[in-house]
Structures are given as C-alpha cells and as structure tokens.
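*Asks:*
Now the structure itself:
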C-alpha cells in the first residue's frame, strides 16, 4: 500500500517476479492500478500470493477515500506481510505518508478481527542524505504513537502494539537514478522472503491460517465484513482541508526558518564565540515564524491548527538546541577561566585560601546564572541545572588541585626535616638494640612529629585556614610519613641482622663490662659467658624482628630466649617443641609490622 504513482507495482514486480501493470511516466502520472490485483510470486516456496493495491490519494477518486481505507484494511486482514511504500522526503509528513489511513486500519483491526499478528514493512523509497538509522526511530515512534492514541475496545485497552504487529523498516535507492543499486537492495530484501523463519526473515503470524482451498471463501468473507462496516466513513471535509493545509504551512515555515539569514549567522558564530543577546535574538526569530504560522492558518479548524503548531514549535526548538548548547559551553568556559585568574590573583594578594575560594566561586556562579538567563530562549523550557552543576564541579576540582599542589609543595620541606630528625637518632638507638629500644624510638618519633607539625601549621600553612577535619587529614599524612621513615630504617637495619648478631655475640663473649677484654679462668665461666652472649644476640634479634611503633606487648623475646633452654636432642625437640625461628608470624604482632620471618 502507498500513495498513487509511488512505484508500488514496480517494487512488487522486482521483488516477487510478478507482472503487475506499471505506470509509463512518458504518458503522464495517472492511476495505473485500479482496485486490488492478485498474483503468484515467482520462485518462492511455499506458494506466496502478492496483492497490488490501488494507490491512495489519487485524483480520480477525488475526496472519496472510503475504498482506499477498505482495501488497506482488507490487505492488513488477509496478509501475513504488508509493504507500506513511502517516499523518503515524505516520512515526516502526515497525509502523504498515509498516517491517517494507518490510524483507521489500526482501529478497525481491533474492532473487526482477532489479534492475528501482521508484519509491517515500511519501505522508504529514494533514500538519500538522511541515513536509515535516523529515519527508523522516527517511523517506529510514529507507529507507536498512533497505536497509543487510537480508541481501543475494552478488551484491548492495554494490549501492546507487538501483539498485533511486527514492525520492520527498510530503505531503497532511487530506481530511476540508481537502478543497479536499487536492484541489489531489492534482491537482498527478497532473500528475507525466501527464508522467512531465519534471523531477519519477514514472516507473519501463522495462527489461524486457512488451507489453500479455503482462501477464496475466506477473502470473500473478509471483504463482506469490511464493506458492511460503517465506521470507515470519511472525516469531516473541513478537518481534512485543515489537516493538509496546516501541514503544508508548517513545512513551509520550518523551511523558511532554516533559510533565515539571521539564524544562519547566529548558528555559524556560536560555534566559535559566544553571541551577545543570543536568547533574545533567537526568541524573536522563532516568535516571528510561529506568528506567521498562526496568521496563515487562522481560519482553519482550531484543533487541527493546534495539533500541527505543537510539532512545528518542537521541531524548530530541536533545530536550534545545538546552538544553545554551544552557547552554554562558551559561558561555562569563560566563567571557569575568569574564576581561575581571579582565584590566583586573590591568593597572590595574601587572601586566605578558603575565603578566596568561597568569594570567587560565589562571584562567578552568579555571573554564570546571568549568562544563562541571557541565553535562554523564551519558547523553550530547557533545564540548565546540569550545566550549572558541571561548572560548580569544575571550579571545585580546580580549588582541590590548587590546594593539593600547595600542600604537596609545602609538605616536602617538612618531610625532609622529619627525615633528618628521625634517621640519625633512630639508627643510633637501633645500633644499641636493647630491651627499651622501641620505647625510646616511640618517644623520639612523638617529639619529632610534635615539633615539626607545630611549625608546619603555624608557618607553612598559616595562609590556608583549614577546618579541623582538613587539619586531621594533613596531620595523619605527616604521622604516616614519620612512621614510614622509622619503618624503613628498621627494615634497613634488619637486613644486616645476622652480622649484627655475630658482632654482638663476639663483643659480649670477648669483653667484660666497660668493654674491657675478658680474662678466662675456668670451664664454667666459658659456658656462662657463652649463654650470656647468646642471650644478648637473641635480644638484638627480638628488637629487629618487628616494628613496634604502637605501645603493645609481644612474646618475641621470650620465644627466642626459650631456644637456650631447649634440650639438644633434635628428635625430642621436633616432637615436643616448635622452633620459633621457623615461624612465619610472631605472637602478638600484626603481620604488617613483622620485619623478620622464617630465618631458618
């Protein structure tokens, strides 16, 4: 189905190998197909019958559209698949694209017939310029809108479109100007009828099919029901005229806007720079167009006028929306740039960091709001809160990055001081490696942090008025850094633990108190001294085994000291005791603070 002289018969002949009569353009445009013609498709199994319908909107029938409605409904009711032929440039038109006829068919199908599913294939002819991916959603949305708005019987009040129809959309090149490509595309479409059940195949609902022998009787009954249905009467003549003329006027107004020189200058300029008075200028151009539409259709049916004016206004607004978004982009970029300059200037003049950030943010968010008000189009109700939120996030991110850079720059010097204050002292205490080593290190750490942090907040951060939460964050970072210095020094020292233990053993074994050389007098003294040297070495090992920056107790020294009381019988020891040097953990110590594991 489709408008008269739109190439329906030509398409069917190319697609199904039929021989329907085609129009001879050299003889003029006139009705070629009268009524409904039937033919068998060539080369397609199972047997496929093809109907060629008289074109709609023909001059010969003038304003009598009863037959085109009846024949269209007959095709929908009798067919598995209906091809709806339309020109590419008429997709967005109302009458030319047969949308009123489709509305009537949808309503009548639900009233007269059961929910037998039909496949609708919208064939867009002479496709050029606009891609199928753009046109298909428009068609599907229009079909769904028709379905949603047509009156339905109570039984089908909530029935979805998909229960009655499958919708497919294909596009074909011009038969007259691109014949070879047209034939290739038709051949591809033909394959979808050869294999209707395969993926992408065009198959209708097989529910309620009749045998071939009953086809004639079935179609006779269908036609009888359709002919006797009085609900297919034409709409009032004034509505028909208003619909056609209002649609044409809306199309002309839209075209005139796209050609408007003032609009073109604004559209071009806003791509690169902000346009002063953007909103007022565009509002004026749009108002002139809409007022022109109102004047042209002032004497036509009011409901039709309004129904056509809404889509016209929406289409015009969608046309100018990209320019509006570009304008908002310029406003955002300008205000963000000015904020950065003003913020840097305020900081250089000695203003408090967060005071400067707050004042500059308030200033340029207010300027943004004024810019948006200037850019707004009166006819549109567009929400700019999302763009405003983005600007605020960009400003906040810049403030955060400046703060992070300042903190990082000023923290490095104090971290160097902490490193210097801790490294030498901690290393000296670790060299002694006594029972009180870690308590001494904790005191050194606490004193260093307190000294440096006090100077840090009163000196380096005096111009950054931080709240308590931010201060806690900075303090925590410095504490963690100081602890990492101590941990690194402890791990470095632990890497030489065996050498240190050997040196400790030799020193204790060979020297008395006061570092005087030891004088040997008897065998018992050698054993006692050896044990003492072992204990001193194990004490050093226990100090190096874990980092103890928290004042918590552990059993490392006691576990290691137990080695000296263990019986020398290796067999018994393996059965009754656990060698602490072979453990992967130390009791009472978090794994993160363990320095030495599995020594043997």
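In the working numbering, the protein residues as written are 89 to 688.
Ideal placement from N, C-alpha and C gives every residue a C-beta, glycine not left out.
Note that the structure is predicted; figures quoted are calculated from it, not measured.
Check each candidate in 136, 509, 141 and 91 and name the one with the smallest Cα separation from residue 108.
*Replies:* Ranking 136, 509, 141 and 91 by Cα distance to residue 108 puts 141 first.
*Asks:* Below 8 Å on the Cβ atoms is my contact criterion, and I expect residue 261 with residue 195 to pass it. Report the Cβ-Cβ distance as a whole number of Å.
*Replies:* With 8 Å as the limit, residue 261 and residue 195 do not qualify as a contact, their Cβ atoms being about 34 Å apart.
*Asks:* Decide if the stretch 491-500 is in contact with the stretch 391-401; the criterion is three or more beta carbon pairs, one per stretch, under 8 Å apart.
*Replies:* No, because fewer than three Cβ pairs between the stretch 491-500 and the stretch 391-401 fall closer than 8 Å, the two stretches do not touch.
*Asks:* Pick helix, strand or coil for residue 605, following the three-state DSSP scheme.
*Replies:* Strand at residue 605.
*Asks:* With which residues is residue 172 paired in a DSSP beta bridge?
*Replies:* DSSP lists 210 as partners of residue 172.
*Asks:* At what residues does the alpha helix (DSSP H) containing residue 156 begin and finish?
*Replies:* 154-166
*Asks:* Exposed or buried, which one is residue 448 when buried takes at least 16 other CB atoms within 10 Å?
*Replies:* buried
*Asks:* When the Cα atoms are used, what is the spatial distance from residue 605 to residue 564?
*Replies:* So the alpha carbons of these two residues sit roughly 49 Å apart.
*Asks:* Which residues in the same chain have their Cβ closer than 8 Å to the Cβ of residue 239, if we skip the five residues on either side of it in sequence?
*Replies:* Once the five neighbours on either side are set aside, the close Cβ partners of residue 239 are 195.
*Asks:* Would you mind sorting residue 421 into buried or exposed? The rule is 16 or more other CB atoms within 10 Å of its CB.
*Replies:* Residue environment for residue 421: exposed (fewer than 16 other C-beta atoms within 10 angstroms of its C-beta).
*Asks:* Check residue 575 in the structure and name its three-state DSSP category.
*Replies:* helix
*Asks:* Can you tell me whether residue 501 is helix, strand or coil according to DSSP?
*Replies:* helix
*Asks:* Just to check my reading of the structure: residue 625 and residue 644 have Cβ atoms closer than 8 Å, yes? What is that Cβ distance to the nearest angstrom?
*Replies:* Their Cβ separation, rounded to whole angstroms, is 14 Å, which puts residue 625 and residue 644 out of contact at 8 Å.
*Asks:* Give a yes or no on whether the C-beta atoms belonging to residue 121 and residue 129 are separated by under 7 Å.
*Replies:* No, these two residues do not count as a Cβ contact at 7 Å.
*Asks:* Less than 6 Å between C-beta atoms, sequence neighbours within five positions excluded: which residues of the same chain meet that for residue 143?
*Replies:* These residues qualify, in order along the chain: 91 and 92.
*Asks:* Tell me the DSSP bridge mates of residue 256?
*Replies:* 209
*Asks:* Could you say if the stretch 425-432 and the stretch 449-462 meet the contact criterion of at least three C-beta pairs nearer than 8 Å?
*Replies:* yes
*Asks:* Quick check on the DSSP output: the alpha helix (DSSP H) that includes residue 416 runs from which residue to which?
*Replies:* 390-436
*Asks:* Give the secondary structure of residue 124 by DSSP, where H, G and I count as helix, E and B as strand, and everything else as coil.
*Replies:* strand
*Asks:* Between 526, 558, 574 and 212, which lies nearest to residue 537 when the distance is taken from Cα to Cα?
*Replies:* 574
*Asks:* Can you tell me the Cα-Cα spacing of residue 482 and residue 476, whole angstroms?
*Replies:* 10 Å
*Asks:* On the DSSP bridge assignment, give the partners of residue 91 in chain order.
*Replies:* According to DSSP, residue 91 bridges with 144.
*Asks:* From this set, 191, 258, 274 and 622, which residue's C-alpha is nearest residue 594's C-alpha?
*Replies:* 622
*Asks:* Kindly identify the DSSP beta-bridge partner or partners of residue 138.
*Replies:* Per DSSP, the beta bridge partners of residue 138 are 127.
*Asks:* With a threshold of 8 Å on Cβ separation, who are the neighbours of residue 528 within its own chain once the five nearest residues in sequence on each side are excluded?
*Replies:* So the qualifying residues of the chain are 517.
*Asks:* Considering only their Cβ atoms, is the gap separating residue 138 from residue 173 smaller than 7 Å?
*Replies:* no
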